[in-house]
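J.: These protein sequences, in sequence, are chains A and B.
Numbering follows the working numbering, in which position 122 of the first sequence is assigned residue number 122; successive positions increment by one, without gaps.
Numbering follows the working numbering, in which position 20 of the second sequence is assigned residue number 20; successive positions increment by one, without gaps.
If you scroll down you'll find the structure; I have some questions about it.
2 protein chains.
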Amino acid sequence: MPELRKDPVIGRWVIISTERGKRPSDLVVETPKSRGGFCPLCPGNEDKTPPEVFSFRAGDTQPDKPGWTLRVVPNKFPALVSEGDLNKRGDGIYDTMNGLGAHEVIIETPDHHATASTLTVPAFKNILLAYRQRMIELKKDRRLRYIAIFKNYGDVAGASLEHPHSQLIALPVVPKRPLEEMAGAQTYFNYRERCIYCDIIRQELLSTVRVVAENGDFLAIEPFAPRFPFETWILPQEHLSSFEHTPLEKFSALAELFSTVLKKINNALSFPPFNYMLHTAPLDKSENAYDHWHFEIIPRLTKVAGFEWGSGFYINPTPPEDAAHYLREA
Amino acid sequence: MPELRKDPVIGRWVIISTERGKRPSDLVVETPKSRGGFCPLCPGNEDKTPPEVFSFRAGDTQPDKPGWTLRVVPNKFPALVSEGDLNKRGDGIYDTMNGLGAHEVIIETPDHHATASTLTVPAFKNILLAYRQRMIELKKDRRLRYIAIFKNYGDVAGASLEHPHSQLIALPVVPKRPLEEMAGAQTYFNYRERCIYCDIIRQELLSTVRVVAENGDFLAIEPFAPRFPFETWILPQEHLSSFEHTPLEKFSALAELFSTVLKKINNALSFPPFNYMLHTAPLDKSENAYDHWHFEIIPRLTKVAGFEWGSGFYINPTPPEDAAHYLREA
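Encoded structure:
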């Protein structure tokens with residue numbers, strides 16, 4: 001019998017169609033393949049990107065020259081621009097404003113062929129520290145309301161460049177999804193005076209069936225009502241609403257767990273295309289009792305079709321308990 | 001300068017990145033190709049599907065035999081099952097219930113190779129009448145709360161069978177997206193005592209820049225804040241909350257406009273993969289002053305990546321005014 005499950009935060013129902021329960025080997029995975037050609041993100045090509053806004057590099061090297069281990073640069077084809085004012089305006093019943101914000105590329109490593117499975121934990125830690133650093137810097141611009149950080153790996157997942165990178169988009173509005181999460185978490189908090197994510201963490205650590213890995217500071221789970229097979233969340237076990245407020249001394253533990261989880265996904269599913277996205281509190285509500293930052297990792301194994309687009313309702317052929325079991329063993 | 005636009009019903013912001021404004025010819029279209037092989041939906045193979053629950057067929061022919069022009073059958077691999085009770089239950093902070101409902105396939109034509117461009121208007125009208133008929137029938141089951149009707153065309157859009165078909169999923173809960181639309185439309189109604197969609201229709205007919213086609217009874221527009229290039233909506237110009245309440249005498253006009261719009265999309269974009277989905281009121285609120293049924297058609301031209309999944313925020317490289325212009329001329 002298929003099961004309907006409801007996400008406790010935003011109230012989204014999903015169908016877990018256990019009758020078609022798929023093992024990792026039943027899922028068709030399109031492992032991203034190298035396309036070759038010129039790479040504007042590789043060392044030596046620093047002049048092919050806009051000037052860097054942040055980097056980790058050897059002390060005796062110059063900005064926009066080789067010698068870096070990680071670089072952050074503005075996107076050459078930005079979705080948003082940084083100059084000008086918002087000019088909020090109406091057009092009859094419609095609302096519009098100028099596309100102000102920032103769009104940056106985090107070049108994660110000089111190694112074009114690195115994957116989550118070959119990157120060292122310290123290298124992974126630097127990526128996470130770069131996210132934090134750029135958030136702290138961009139937050140100073142009071143026009144901005146939300147910072148979205150995400151990674152697309154593989155063509156199927158929307159990556160247009162092969163070189164390992166993630167992206168940051170800073171927005172003058174809070175997007176719909178974080179607003180929904182905040183509203184759901186706030187409703188729960190008003191009722192119970194507890195953070196819903198803290199309650200999820202407590203229940204998952206007790207039942208253990210959906211736990212993928214944990215290390216005392218951080219927890220990786222398959223959520224109770226996942227949209228997709230092998231959807232995986234990583235959360236701090238302590239209550240923290242905003243990613244950029246995470247104490248620096250926790251970043252090694254986070255890098256270790258995040259890296260472990262991505263390696264497990266690569267092992268279980270033969271290097272699937274994937275997306276991950278940081279969910280964190282809006283900039284002007286960055287310390288609150290109900291938001292709880294987390295990463296959502298989505299291997300791209302199923303096609304999203306009309307039903308999902310139209311209804312916001314998802315059919316998932318792999319129960320999260322099965323996925324957690326495979327990932328624990330991977 | 002890119003523009004941020006807000007959907008007036010559900011409050012979703014999108015980036016219209018006009019600087020990368022794409023003409024139809026700039027968009028990479030993966031036209032679905034025939035894969036050949038055995039087709040369980042073709043005439044002569046009626047025994048390969050579960051027994052039909054509805055059909056249009058020649059008067060002297062038997063159910064589940066050739067002679068039909070349209071057939072509706074239960075999905076052989078249903079996401080939901082019709083037998084049993086809901087057994088709503090909790091598991092700590094989580095909510096779950098049995099996956100009860102219906103999952104049907106509307107086989108639109110006996111012609112395996114038909115497309116929206118070759119189907120006649122009367123054949124298209126029959127498809128729409130079949131939707132209506134199944135909704136009226138399934139509504140009698142009081143366990144059901146919402147009926148989702150959608151079509152996936154092409155592999156990229158999630159179609160696993162090539163033969164022209166659409167699908168129906170009847171659910172014991174109202175999915176998130178219709179709930180959001182209802183909430184947004186109701187808030188607007190409470191404030192202005194007018195249906196927001198009726199206001200949209202009035203404004204679009206006046207400004208005409210986003211109108212694709214109209215015929216007095218129905219209107220096709222590119223919405224003001226579309227998620228995707230060439231996203232197109234079809235709405236009744238008169239206020240109608242539920243599709244199944246549309247007067248029978250309107251179905252010829254609907255079929256004519258819908259067929260025209262799909263032909264225009266095929267002409268402008270060389271037969272792109274697409275999804276469409278009916279948005280209609282929940283079954284237990286099927287006549288109300290604020291919901292307004294409509295179809296949303298989404299050609300699948302861009303890849304949905306981490307940013308969109310995580311944020312519910314979309315970057316659309318084609319302004320709807322440009323898309324409407326191309327489609328009007330197509």
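Glycine is no exception: its CB is placed at the ideal position from the N, C-alpha and C atoms.
On a predicted model such as this, the values are computed, not experimentally measured, just so you know.
Name the DSSP bridge partner or partners of G90 of chain A?
T.: Listed as beta-bridge partners of G90 of chain A by DSSP are A:D95.
J.: State yes or no: is the C-beta of F313 of chain B within less than 8 angstroms of the C-beta of I297 of chain B?
T.: no
J.: I want to verify the contact list: residues of chain B whose CB lies under 7 angstroms from the CB of V81 of chain A, in sequence order.
T.: M1, P2
J.: Spell out whether any CB of chain A is found under 8 angstroms from the CB atom of R12 of chain B.
T.: yes
J.: Would you give the residue range spanned by the beta strand (DSSP E) that E167 of chain A belongs to?
T.: It should be pointed out that residue 167 of chain A corresponds to Gln in this sequence rather than to Glu. It spans 165–171 - the beta strand (DSSP E) in which Q167 of chain A sits, taken as one unbroken run.
J.: Taking all protein chains shown into account, decide if K65 of chain A is buried (16 or more other Cβ within 10 angstroms of its Cβ) or exposed.
T.: exposed
J.: Determine, using beta carbons only, whether H245 of chain B and S286 of chain B come nearer to each other than 8 angstroms.
T.: In this structure, S286 of chain B lies closer than 8 angstroms to H245 of chain B by Cβ.
J.: Rounded to whole angstroms, what's the CA-CA distance from L86 of chain A to I15 of chain B? Just pull it up for me.
T.: 13 angstroms
J.: Between which residues of its own chain and L171 of chain A is the CB-CB distance below 8 angstroms, once the five residues before and five after are set aside?
T.: L80, G101, L144, R145, Y146, I147, A148
J.: Please classify V261 of chain A: does DSSP put it in a helix, a strand, or coil?
T.: helix
J.: Kindly provide the ranges of any beta strand (DSSP E) runs that are 3 or more residues long and lie completely inside the stretch 22–49 of chain A, ordered along the chain.
T.: Counting only unbroken stretches of 3 or more residues, no beta strand (DSSP E) element lies wholly within the stretch 22–49 of chain A.
J.: Measuring alpha carbon to alpha carbon, tell me which residue in A:Q167, A:H103, A:D291 is nearest S17 of chain B.
T.: A:H103
J.: Three or more C-beta pairs closer than 8 angstroms, one from the stretch 170–188 of chain B and one from the stretch 309–325 of chain A: is that the case here?
T.: yes
J.: Suppose contacts are defined by Cβ-Cβ distances below 8 angstroms. Is A220 of chain B in contact with L128 of chain B by that definition?
T.: no
J.: Looking at the unbroken alpha helix (DSSP H) that takes in M121 of chain B, where does it start and where does it end?
T.: Looking at the sequence itself, residue 121 of chain B is Val, so the reference to Met does not match. Taken as a continuous stretch (DSSP letters only), the alpha helix (DSSP H) holding V121 of chain B covers 121–138.
J.: Since F150 of chain B contacts M277 of chain B with CB under 8 angstroms, what's their CB separation in whole angstroms?
T.: 4 angstroms
J.: Closer than 7 angstroms, Cβ to any Cβ of chain B: which residues of the stretch 273–297 of chain A, in chain order?
T.: N275, Y276, M277, H279, E296
J.: Leaving aside the five residues before and after F230 of chain B along the sequence, list all residues of the same chain whose C-beta is less than 6 angstroms from its C-beta, in chain order.
T.: P299, A323
J.: What would DSSP say about Y290 of chain A, mapped onto helix, strand or coil?
T.: coil
J.: Which whole-angstrom value describes the C-beta separation of Y290 of chain B and A123 of chain B, a residue pair presumed to lie in contact below a C-beta threshold of 8 angstroms?
T.: The Cβ separation is near 34 angstroms, so there is no contact.
J.: For Y153 of chain B, which residues does DSSP report across the bridge?
T.: B:F274
J.: Check whether the Cβ atoms of I201 of chain B and L235 of chain B lie closer than 8 angstroms to each other.
T.: yes
J.: Can you pull the DSSP bridge partners for K303 of chain A?
T.: Its beta-bridge partners do not exist; DSSP assigns none.
J.: In or out: A213 of chain B buried (at least 16 other Cβ within 10 Å) or exposed?
T.: buried
J.: Do you know how far the Cα of F295 of chain A is from the Cα of R57 of chain A?
T.: 27 angstroms
J.: How would you list, in chain order, the residues of chain A whose beta-carbon sits under 8 angstroms from the beta-carbon of P74 of chain B?
T.: Within 8 angstroms Cβ-Cβ: nothing; P74 of chain B doesn't reach chain A, min ~14 angstroms.
J.: Measuring only between beta-carbons, confirm whether K33 of chain A sits less than 8 angstroms from chain B.
T.: Closer than 8 angstroms: no.
J.: Closer than 6 angstroms by C-beta to R132 of chain B: which residues in its own chain qualify, once you throw out the five before and the five after it? Chain order, please.
T.: Excluding the 5 residues flanking it on each side, R132 of chain B has same chain C-beta neighbours closer than 6 angstroms at E244, in chain order.
J.: Residues of chain B with CB under 9 angstroms from M141 of chain A, in chain order?
T.: The sequence given here places Asp at residue 141 of chain A; Met does not occur at that position. Listed by position along chain B, the residues whose Cβ is nearer than 9 angstroms to that of D141 of chain A form an empty set, because the closest Cβ is around 16 angstroms away.
J.: For S270 of chain A, which option in A:L138, A:G154, A:E162 has the closest C-alpha, if you only look at C-alpha atoms?
T.: A:G154
J.: Have a look at I136 of chain B and I106 of chain B and give me their C-alpha separation to the nearest angstrom.
T.: One Cα belongs to I136 of chain B, the other to I106 of chain B, and the distance between them is close to 15 angstroms.
J.: Rounded to whole angstroms, how far is the Cβ of F218 of chain B from the Cβ of L257 of chain B, which I believe are closer than 8 angstroms?
T.: 4 angstroms
J.: Kindly list, in the order they appear in chain B, the residues whose Cβ is closer than 8 angstroms to that of V304 of chain A.
T.: G158, V304
J.: When DSSP labels each residue in this structure, what does K6 of chain B get in the three-state scheme?
T.: Strand, per DSSP.
J.: Can you name the residues that DSSP bridges to H279 of chain A?
T.: Looking at the DSSP output, H279 of chain A sits in a beta bridge with A:H294.
J.: Please identify the residue among B:D111, B:T302, B:P320 whose C-alpha is closest to the C-alpha of R159 of chain A.
T.: Checking the sequence, you will find Ala at residue 159 of chain A rather than Arg. For A159 of chain A, the nearest C-alpha among the options comes from B:T302.
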